[in-house]
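Visitor: Each residue of the sequence shown is one higher than the one before, starting from 1 at the first, in the UniProt record's numbering. The beta-carbon is built from N, C-alpha and C at its ideal position, and this holds for glycine as well. Have a look at the structure that comes next, please.
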Amino acid sequence: AEDKRRRNTAASARFRLKKKERELAMDKKAKDLESRVGELERECEALRRENGWLKGLVV
């Protein structure tokens, strides 16, 4: 019974560690994606302005 308890404690610790690592990886990915969204929004706005300027040249 003592051996089983030790194995279970070790398995629980490994599980908690892996869970924490997954959470940290997901947090990093979320921050990276938020940054990318910001970049794309700025690029989109610049392209909209350029598009409006080009339309002004045509008319």
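Output the distance between the C-alpha atoms of R22 and A30, rounded to the nearest integer angstrom.
Guide: Stepping through the sequence shown from its first residue, residue 22 is reached at position 22. Stepping through the sequence shown from its first residue, residue 30 is reached at position 30. Near 12 Å, if we compare the C-alpha coordinates of A30 and R22.
Visitor: For W53, which residues in the same chain have their Cβ closer than 6 Å to its Cβ, ignoring the five residues on either side in sequence?
Guide: In the sequence shown, the residue the question calls residue 53 occupies position 53. Here the set comprises nothing.
Visitor: Could you spell out where the alpha helix (DSSP H) holding V37 opens and where it closes?
Guide: As a working mapping, residue 37 is identified with position 37 in the sequence shown. Element bounds for V37: 2 to 58.
Visitor: CA-CA distance, R36 and G56?
Guide: Mapped onto the sequence shown, residue 36 falls at position 36. Mapped onto the sequence shown, residue 56 falls at position 56. Taking the straight line from one Cα to the other gives about 30 Å.
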